[in-house]
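When you number the sequence shown by the numbering used here, it's gap-free, plus one each residue, and the end is 706.
Note that the Cβ used here is the ideal one computed from N, Cα and C, for glycine as well.
In this text, all values refer to a predicted model and were calculated from it rather than measured experimentally.
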Amino acid sequence: MRRNKLLACLMAGTMAVSLTACSNNANSDTTTAPSTTEAVTTTEAATEQTTTEPSATSNASIDFEDGQMGFVEVYSAPANAADVELNVVDFGGSKALEVKNLTGKVPFVGIDVSSLCGADTAKIASVSMKLGVSYEDGSFSACAGKITTWTGEDLVQTGYDWSVYMESKNPKVATVDVSGVPFVADAKNIMVLSLETDNGIDAGHGNATLYVDDITFYDASGNVLTADQSVAFAAPAGYSDSGRDSSNLFAVKNAVEFEGFQTSADAWAQAGFTMPQEILDALVPGSVVEIEYKSETGNMWLVMNEAQAGWMRVGQAGTDDPAYQNNSHNIAQVTYEQLAALCTDDVSTWGSTMQCESDGAWEVFSVKVGQQAKNIAVVNGVDFAGFATKAGAWSQDGFDMPQEIIDALVPGAVVEVTYSSETGNMWLVMPDSTAGWMRVGQAGTEDPALCDGQKCYVTYEQIAALCGDDVSTWGARMQCEADGEWEVYSVKVGTAAEFAPVNKLVAFEGFETSGDAWAQAGFTMPQEILDALVPGAVVTIQYSSETGNIWIVMNEAQAGWMRVGQAGTEDPALCNGTYAQITYEQLAALCTDDVSTWGSTMQCEADGAWEVYGVWVSTPATSAE
């Protein structure tokens with residue numbers, strides 16, 4: 082979590098109570114961000130202002146006295162997001178929402194304004210809420226954060242500062258004026274509350290727990306609007322992309338953390354650290370530097386300021402070879418090959434320092450170096466029915482494999498495990514194998530599973546290497562295990578396919594649409610998309626659908642009305658429920674290799690209700706594997 086050692090001193094000397102923020106104030110940061118990106122607001126210098134607290138006789142729209150909190154949901158998409166536990170507890174003489182920070186990063190919590198207020202959402206002129214903090218040791222430290230509203234049809238994100246800086250004024254009421262960037266009804270408008278500066282960490286008190294109470298919506302006349310506290314949180318597009326967004330990226334295995342690489346700077350300013358020996362040792366052909374970050378522009382790259390070849394920007398946005406960035410713009414990757422192309426392939430000549438830079442104000446939360454690996458997707462997967470279990474560190478648990486899973490375990494297949502674990506690791510155990518009791522894909526070995534904290538992939542080939550290539554000798558059971566407490570939510574087996582990592586994307590501007598099952602919708606292809614559709618190109622679709630499937634329809638192709646990448650066919654699109662990829666070669670196989678015959682329109686379709694949030698065309702990189 083960002084720490085501001087000066088904040089406590091500044092706050093202690095300030096007599097103003099918690100501020101009133103409005104969209105035209107210095108502490109109001111407004112950006113129009115597409116729904117395909119995480120909620121990140123531009124950070125500007127905050128201006129403290131006096132808040133007029135609501136009248137004591139006013140009834141809050143939400144007081145949590147009934148214990149309901151279904152209208153709130155943890156927001157985990159930002160790279161610096163903490164794991165958070167939500168509860169309704171006693172605080173300050175009444176019930177309040179408790180936001181418990183479990184991992185020391187920044188806690189983010191969404192509040193569903195549209196569902197709470199319904200048709201009255203558009204009447205909201207201001208919002209107030211009572212915010213307090215506590216520490217397990219009973220101490221107090223100054224804390225601050227933001228209330229970020231996502232408003233309008235375009236989900237304009239506006240950040241308003243809040244702070245609790247005096248123990249005698251804990252909790253405090255923060256009020257924000259949203260009249261300049263108003264909420265609208267039926268558009269999934271929300272607020273995201275974050276605690277971004279916690280001085281208790283530097284003081285040795287641990288992580289602050291945040292409390293929220295008496296959320297009150299006011300109309301322009303100051304009247305309190307009622308809220309239906311029984312509603313469930315309805316996530317806007319992109320909100321639920323929690324955890325790692327691996328779009329456009331390589332998977333990374335055997336990663337080495339660059340310890341202590343947390344820093345920030347303004348646009349075009351560089352900051353970094355001396356590379357420890359373990360990072361230098363990891364920088365070998367086929368490796369990749371991965372950066373978790375945020376920036377005003379969404380861009381990030383490396384600077385090698387001491388390279389013998391000269392001061393070098395590597396992966397700079399807008400060049401012929403930019404960094405690989407996911408569509409959430411919170412993870413960037415720069416390959417060894419990109420570094421070597423500018424700094425030579427002799428790492429000893431790269432200098433001792435690695436820096437980061439962007440063309441907007443930026444912050445880096447972590448850097449690691451690992452080996453490039455395939456970003457795997459499962460095609461035509463078979464569910465391992467009932468595989469949901471959990472256990473402690475180094476404990477195994479699992480189930481007998483049904484016949485359909487045994488039949489799916491063929492060369493080229495992959496086992497996908499959806500999971501969580503304390504360490505982020507997961508692997509398989511085959512306890513009854515004729516070859517012996519086997520851990521397959523164990524973290525730290527030469528052939529680990531591909532894990533990103535949510536999905537774990539173990540290939541048929543990895544199992545066969547230890548258990549033999551005759552599935553009948555693998556035994557009846559498949560188990561899971563990790564080196565920390567773990568839980569598995571589902572397992573499936575299907576054909577392994579690789580998402581292509583890409584770093585030069587052409588956006589199909591305005592491609593946002595939806596349809597029912599078997600309904601098509603799309604747009605005329607602009608010239609830049611037609612120009613990008615060349616051999617080796619990849620069409621990437623960000624989407625959601627009831628079935629997890631999506632594909633393309635070329636409804637005007639001279640070869641005929643064509644479904645390309647249809648699920649269940651011999652050549653389906655690569656889909657993971659969030660992103661899909663369809664290659665030029667798949668399109669050409671059905672529509673011919675002459676793009677001029679494909680027609681002017683590109684559409685999407687699925688076998689369940691679906692929505693598309695963005696489409697890009699890009700040329701794939703060549704994986705190191």
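For the beta strand (DSSP E) assignment, the uninterrupted runs of no fewer than 3 residues enclosed by the stretch 539-576 are, from N- to C-terminal side, 558-562.
When the alpha-carbon of ILE663 is set against those of GLN623, ALA638 and ALA690, the nearest one is in GLN623. Restricting attention to beta strand (DSSP E) runs no shorter than 3 residues, the stretch 566-643 encloses them at 567-580, 583-588, 594-596, 602-605, 619-626 and 632-635, ordered along the chain.
Measuring C-alpha to C-alpha distances from VAL463 to each of PHE354, ASP294, GLN406 and THR576 identifies THR576 as the nearest.
Nearest C-alpha to ALA313 among ASP402, VAL155, VAL698 and ALA352: VAL155. TYR417 sits buried, since 16 or more C-beta atoms from the chains shown fall within 10 Å of its C-beta. A residue is called buried once 16 or more other Cβ atoms fall within 10 Å of its Cβ, and TYR292 is buried on that count. Within the same chain, no Cβ atom closer than 6 angstroms to the Cβ of LYS250 is found once the five residues on either side in sequence are excluded.
Between GLY240 and the set VAL569, THR425 and PHE189, the nearest pair of CA atoms involves PHE189.
With fewer than three CB-CB distances shorter than 8 angstroms, the stretch 606-613 does not count as touching the stretch 486-505.
The secondary-structure analysis by DSSP pairs PHE354 across a beta bridge with MET435. Here the alpha carbon of GLU444 sits roughly 12 angstroms from the alpha carbon of TRP349.
In this structure ALA454 touches PHE331 by the C-beta definition: roughly 6 angstroms separates them, less than 8 angstroms.
Shown here, SER476 sits in coil according to DSSP, grouped into three states, outside any helix or strand. Below 8 angstroms, enough C-beta pairs join the stretch 409-416 and the stretch 359-379 to call them touching: three or more. Relative to GLN477, the option among ALA563, GLY451 and ALA225 whose CA is nearest is ALA563.
Just measuring C-alpha positions, the residue of ILE412, GLY441 and PRO317 sitting nearest ASP235 is PRO317. With distances taken between CA atoms, ASP171 lies nearest to THR290 out of THR232, SER447, THR290 and PRO159. Every beta strand (DSSP E) of 3 residues or more that sits fully in the stretch 500-542 is shown, in chain order, as 508-511, 519-521 and 536-540. Distance from the CA atom of ILE486 to the CA atom of VAL552, rounded to whole angstroms, is 11 angstroms. When DSSP states are grouped into helix, strand and coil, GLY281 belongs to the helix group. For GLU666, the closest alpha carbon among the candidates GLY522, SER311, ASP675 and ASP147 is that of ASP675. Here TRP243 is bridged, per DSSP, to GLY226. In this structure GLU277 touches ALA225 by the C-beta definition: roughly 7 angstroms separates them, less than 8 angstroms. A contact between stretches requires three or more CB pairs, one per stretch, nearer than 8 angstroms, and the stretch 429-440 meets this requirement with the stretch 338-353. As the crow flies, the alpha-carbon of ALA545 is around 19 angstroms from that of PHE465.
Annotation: the continuous beta strand (DSSP E) that includes GLU444 extends over 443-454.
Excluding five sequence positions before and after ASP481, the CB atoms of its chain that fall closer than 7 angstroms to its own CB belong to ALA557 and ARG558, given in chain order. Close CB contacts of GLY591 within its chain, under the 8 angstroms cut and outside five residues either way in sequence, are with PHE604 (chain order). When C-alpha distances from TYR694 are compared across ASP427, TYR660 and GLY213, the shortest belongs to TYR660. Taking all protein chains in view, the Cβ of TRP632 is crowded by 16 or more other Cβ atoms within 10 Å, so the residue is classified as buried. DSSP places TYR665 outside any beta strand (DSSP E); the residue lies instead in the alpha helix (DSSP H), whose first and last residues are 665-672. Comparing alpha-carbon positions, the option among PRO653, MET272 and THR499 lying closest to LEU197 turns out to be MET272. When C-alpha distances from GLN452 are compared across SER409, ALA530 and TRP508, the shortest belongs to ALA530. For TYR417, the enclosing alpha helix (DSSP H) stretches over residues 417-424. At least 8 angstroms separates the beta-carbon of ASP242 from that of LYS253.
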